[in-house]
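Under my numbering, read the sequence shown as residues 56 to 705, first letter to last.
Cβ atoms here follow ideal geometry from the backbone N, Cα and C, with glycine treated the same way.
None of the values given here were measured: they were computed from a predicted structure.
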Amino acid sequence: MSFMDMLRSSIRGEEAPAAERVPLDTGDDGEILYEDDVINEIKSELDRRRNERRNTELQWVLNANFMAGHQNCDINVGTGDIEDFIPMYDHLERGIYNRIAPLTQTRIANLRTVKYGMTVRPRTDELDDFEKANISTRLLRYTQDVIDFNGLMDTAYQWAALTGTAFFYSWWDATKGEEIGGVREGDLSCGLLTPYEVFPADLYREKVSDQRSIIVEQIMTVDDVYDLYGVKVERGEAIETYTMMPAQGSGGNGILTTTYRMERQNKENSVRVITYFERKSRKYPEGRMIIIIGEQLHRYGALPYREIPLVAVKDQIVAGQFFGKSVIVDMIPYQRAYNGVKNKIHDYIQTVAANPLAVPKGTDVEDLVENGLPPGKIVEFDPARGGVPTPISYPNLPQTVIAEERKLESDMEYIAGVSQLMVVGSTPSGITSGTAIDNLRQIDNTRMSLTAEIFRTAVKSLAKQWLAIYKDWSSGYRVLKTVGLDESGGVFTWCAGDINSFDVQFDTENELKYSEDAQKSSFLQAWQMGLFADESGQVPTSVRRMAWDYLHLGNSADFLGEDDIQKKNAQRENTYFGAGVIPEVDELDNHVIHAEEHKRYALGMEFRLLERKSPEYASALRAHLKQHEEIVARAQAEQMARALQAQGAR
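Okay, structure coming up:
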């Protein structure tokens with residue numbers, strides 16, 4: 056085997072003969088690189104990137120400390136560590152009045168109202184493209200369901216708020232899917248990476264697509280490595296990683312408190328897994344993906360995806376920076392000032408409450424120091440010394456201090472993008488009119504919508520990445536179920552060729568731009584204006600059901616009348632025809648409703664696609680519709696005949 060043959064097979068990920076030491080690559084100077092050379096080169100590059108990112112990482116740790124309530128600390132750039140402040144005097148209050156945590160949680164709660172249902176638009180106006188776009192749409196919704204997308208988003212919100220960035224990581228998992236002939240079909244998997252695990256080639260290139268390479272370093276247990284990679288590691292090791300740990304704090308006057316702080320801790324029985332992604336380039340037309348488990352090279356080959364399979368979601372975008380910015384960074388100086396003001400207020404209160412005394416010089420003060428002046432205490436004094444112990448008077452606390460406390464609270468709410476209305480449900484002083492309150496709510500949502508739009512853009516990129524992975528990795532025809540087992544219409548068949556459009560759009564507008572309350576208000580106004588009523592002035596049952604669900608009044612299915620159930624059954628029969636199941640006309644059917652629903656379906660685009668794909672099932676639906684119409688016609692003829700007969704009898 057020649058050098059180039061061995062190199063090509065290695066890049067394709069093929070195994071080389073055990074007896075040969077296979078060259079894996081060539082360096083920039085043309086030297087041959089073997090397995091240990093590649094491992095050393097990647098680890099050396101990882102160390103360089105770690106050192107370059109150190110200051111950014113320290114900011115993440117400081118954010119975590121402030122979020123957890125450990126706030127008497129700051130970054131020491133000289134030592135490259137987080138150091139606690141030492142108080143000037145032991146008696147000074149050092150209490151923590153954490154506003155960062157509730158404000159951040161309020162931001163996350165509002166972001167969770169954003170919906171991420173997506174639809175794929177057809178590539179052209181051809182019927183085939185409409186059908187393929189429909190399949191791609193159902194595939195996206197299936198994927199969101201099976202990977203617990205809502206749970207991933209909740210975690211992404213938390214990490215983006217804490218550090219400014221989180222990463223979605225998608226890959227093809229050969230161990231998933233249906234088993235056919237002892238071999239799994241495989242399926243797409245998606246997980247979340249923290250920014251602590253991601254090392255870009257350049258901190259000053261903003262997008263993942265701009266990076267020439269990205270290194271992912273994960274600390275996994277021995278069992279997790281075996282489950283994910285099928286590699287048995289004989290013995291793990293203790294590897295240092297970040298974790299939240301209880302820490303001792305101080306509340307002043309010698310009172311000790313407990314907080315949590317981000318610290319390094321050894322994780323036992325663990326393995327360091329390094330994944331190196333390199334995009335396609337002139338030197339590597341297929342890109343590269345290298346996996347190192349512990350000290351062993353597990354994989355060296357081409358990048359198996361069209362692009363590096365990471366998508367970054369950010370709290371705030373910083374121009375020219377790879378990692379995003381957390382709103383906590385801007386709140387930290389205000390939180391320090393707020394703690395200082397609150398502690399000064401409590402210092403004043405404690406000083407006054409301690410009842411300091413002025414006593415004549417030479418007085419025996421030992422008992423006064425130990426016990427003070429409790430009620431009813433008898434104090435002995437010598438009149439010759441010129442006076443009795445007298446409480447020291449203090450001026451009132453300046454109102455500017457109270458005003459500063461309120462101002463800091465307001466400033467932190469403004470920075471967080473929320474207001475009193477969003478945080479505690481009360482309006483600021485002086486705002487009483489309904490219009491002003493609505494405007495305030497709209498301002499809050501507008502500011503929060505900037506972050507929501509960043510997330511929506513990232514999720515749209517993620518969806519396109521999913522479709523590309525499905526198209527490149529799925530083989531043959533696959534059958535997926537998207538609803539319950541009793542719904543044949545929830546089953547659809549697809550193949551990689553059905554994915555030909557990556558034009559993904561969201562089903563709804565950003566809910567923080569057009570809030571749910573605003574949508575409800577518009578719905579109720581339209582209802583009151585009679586826009587939903589038909590020619591007879593009645594509101595159709597379908598609209599009433601929609602209103603019931605829209606206003607969250609309970610499960611509207613529990614209030615279905617017979618006509619609603621008939622309509623639902625007819626719609627279910629429409630899906631049966633699309634799935635290749637031909638239902639029979641039943642004597643319990645309301646033939647008028649069934650005929651109406653089948654005809655409505657037959658006039659739509661979905662039926663036109665069915666006619667092209669499965670003309671025999673389309674013909675069966677037409678025949679089924681005709682049966683209902685004939686029964687309706689016979690019933691009407693019989694009713695007319697009875698009416699004429701009754702009229703003749705008179």
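Going by DSSP, what residues sit across from residue i in a beta bridge?
{"i": "Thr174", "result": "Gln560"}
{"i": "Ser325", "result": "Thr276, Glu292"}
{"i": "Cys128", "result": "Asp139"}
{"i": "Met344", "result": "Phe332, Gly356"}
{"i": "Leu239", "result": "Correcting the residue type first, residue 239 is Arg in the shown sequence and not Leu. Glu234."}
{"i": "Trp54", "result": "Residue 54 falls outside the range modelled here, since the chain spans only 56 to 705, and no answer is possible."}
{"i": "Val271", "result": "Val253, Thr330"}
{"i": "Val366", "result": "Phe223"}
{"i": "Ile87", "result": "Thr81"}
Pick from the options: whose alpha carbon is nearest that of residue i?
{"i": "Ile453", "options": "Arg103, Tyr339, Ile404", "result": "The residue asked about is misnamed: residue 453 is Pro in this sequence, not Ile. Nearest of Arg103, Tyr339, Ile404 to Pro453, Cα basis: Ile404."}
{"i": "Met344", "options": "Tyr360, Met208, Arg337", "result": "Tyr360"}
{"i": "Glu100", "options": "Val514, Arg260, Ile329, Leu699", "result": "Ile329"}
{"i": "Trp227", "options": "Ile400, Gly133, Trp528, Ser576", "result": "Trp528"}
{"i": "Arg677", "options": "Gln702, Asn205, Glu651, Ala696", "result": "Glu651"}
{"i": "Glu96", "options": "Asp180, Ile270, Asn153, Glu233", "result": "Ile270"}
{"i": "Tyr224", "options": "Arg461, Leu248, Thr210", "result": "Leu248"}
{"i": "Val738", "options": "Arg327, Gln114, Lys262", "result": "Here the chain comprises residues numbered 56 to 705, so residue 738 is not present and cannot be evaluated."}
{"i": "Val473", "options": "Glu459, Val382, Gly285, Ala119", "result": "Val382"}
{"i": "Glu459", "options": "Leu194, Pro411, Arg391", "result": "Arg391"}
{"i": "Phe378", "options": "Ala216, Asp203, Gly635, Glu240", "result": "Ala216"}
{"i": "Glu107", "options": "Leu258, Phe557, Glu181", "result": "Leu258"}
{"i": "Leu558", "options": "Val175, Ala673, Gly356", "result": "Position check: residue 558 holds Asp in this sequence, whereas Leu was assumed. Looking at the Cα atoms, Val175 is the closest of the given residues."}
{"i": "Arg502", "options": "Tyr469, Ser448, Arg655, Ile524", "result": "Tyr469"}
So, helix, strand or coil for residue i, using DSSP?
{"i": "Gly41", "result": "No answer is possible for residue 41: it lies beyond the span of the chain, which begins at 56 and ends at 705."}
{"i": "Arg319", "result": "strand"}
{"i": "Leu643", "result": "coil"}
{"i": "Ser543", "result": "Unreliable placement is indicated for Ser543, whose pLDDT of 40 sits below 50; the coordinate value is still reported in the next sentence. Helix, per DSSP."}
{"i": "His353", "result": "strand"}
{"i": "Tyr284", "result": "helix"}
{"i": "Ile637", "result": "coil"}
{"i": "Glu333", "result": "strand"}
{"i": "Met584", "result": "coil"}
{"i": "Lys231", "result": "coil"}
{"i": "Phe377", "result": "coil"}
{"i": "Pro157", "result": "helix"}
{"i": "Thr506", "result": "helix"}
{"i": "Ala256", "result": "coil"}
{"i": "Pro453", "result": "coil"}
{"i": "Leu79", "result": "coil"}
{"i": "Pro411", "result": "coil"}
{"i": "Thr445", "result": "strand"}
{"i": "Gly480", "result": "Only weak support is given to the placement of Gly480: the predicted model assigns it a pLDDT of 49, under 50, and the question is left unresolved by the model."}
{"i": "Tyr672", "result": "helix"}
{"i": "Arg697", "result": "helix"}
{"i": "Gly246", "result": "strand"}
Let's test the definition: count the other Cβ atoms within 10 Å of the Cβ of residue i and tell me whether it reaches 16, buried, or not, exposed.
{"i": "Asn165", "result": "buried"}
{"i": "Leu643", "result": "exposed"}
{"i": "Lys519", "result": "buried"}
{"i": "Arg319", "result": "exposed"}
{"i": "Pro364", "result": "buried"}
{"i": "Ala74", "result": "In this prediction, Ala74 scores a pLDDT of 41, lower than 50, which makes its location untrustworthy; the coordinate-derived value is nonetheless stated afterwards. The residue in question, Ala74, is exposed, as its Cβ has fewer than 16 Cβ neighbours within 10 Å."}
{"i": "Ala188", "result": "buried"}
{"i": "Tyr212", "result": "buried"}
{"i": "Glu148", "result": "buried"}
{"i": "Tyr331", "result": "buried"}
{"i": "Asp200", "result": "exposed"}
{"i": "Glu181", "result": "exposed"}
{"i": "Ala692", "result": "exposed"}
{"i": "Pro157", "result": "exposed"}
{"i": "Arg104", "result": "buried"}
{"i": "Val169", "result": "buried"}
{"i": "Phe510", "result": "buried"}
{"i": "Ala266", "result": "Sequence check: residue 266 is Gln here, not Ala. Burial call: buried."}
Return the first residue and the last residue of the alpha helix (DSSP H) that residue i is part of.
{"i": "Lys399", "result": "382-408"}
{"i": "Ala188", "result": "182-201"}
{"i": "Thr134", "result": "It is not in any alpha helix (DSSP H) - Thr134 carries neither H nor E in the DSSP assignment."}
{"i": "Ser99", "result": "90-107"}
{"i": "Glu661", "result": "660-668"}
For the beta strand (DSSP E) containing residue i, list its first residue and its last residue.
{"i": "Tyr224", "result": "220-228"}
Give a yes or no on whether the minimum CB-CB distance between residue i and chain D is below 8 Å.
{"i": "Gly635", "result": "In the displayed structure, chain D is absent; only one protein chain is listed."}
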